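The next block holds one structure in the form of structure tokens; read it before the comments.
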Amino acid sequence: MFRYLVFSIFLLGSLSIFPEPKDEISKPFLRVFPAFRPEECEDWAILPFVCKRCIWEGKRYAQEIRFFEDGPYRSHGCYTDKTGFENLEGK
Numbered sequence: 008m009f010r011y012l013v014f015s016i017f018l019l020g021s022l023s024i025f026p027e028p029k030d031e032i033s034k035p036f037l038r039v040f041p042a043f044r045p046e047e048c049e050d051w052a053i054l055p056f057v058c059k060r061c062i063w064e065g066k067r068y069a070q071e072i073r074f075f076e077d078g079p080y081r082s083h084g085c086y087t088d089k090t091g092f093e094n095l096e097g098k
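Residues in the sequence shown are numbered from 8 upward in steps of one, following my numbering.
Right under this line is the structure:
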């Protein structure tokens, strides 16, 4: 019983850590990083595992930054010229 209580408190707490942003105040900004080897991801990527996955798939690591009144909201994923930005955080 105690485990279920702790788990439910943790679950409810984790939902409030990442609130959904409200009103977007400008167009999104796309940052595409030039990385060619997985070792380069460790130096500058915010999410190195996403960066490495992009390189392994022959793509480039990218961030889509949306600006809201509460502050910026970043989505991490891969980018190619043909398909554009692909968000990998939801996968």
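Glycine included, every Cβ here is placed at the ideal spot set by N, Cα and C. Just so we're clear, the structure is a prediction, and the values are computed from it rather than from any experiment.
query                                                                  : result
Element boundaries [beta strand (DSSP E), containing R60]              : No beta strand (DSSP E) contains R60, which is instead part of the alpha helix (DSSP H) from P55 to W63.
Distance, P41 Cα to W63 Cα                                             : 14 Å
Under 9 Å between C-beta atoms of E46 and K66                          : no
Simplified DSSP assignment, three categories, for Q46                  : At residue 46 the sequence reads Glu, which differs from the Gln that was named. The answer is helix: DSSP assigns E46 an H, G or I state.
For L95, the nearest candidate out of P35, L37, Y68 and E49 (CA to CA) : Y68
Pair within 9 Å by beta-carbon distance, Y86 and V39                   : yes
Alpha carbon of G91 to alpha carbon of E76, nearest angstrom           : 26 Å
Beta bridge counterpart(s) of A69 as assigned by DSSP                  : V39 and G84
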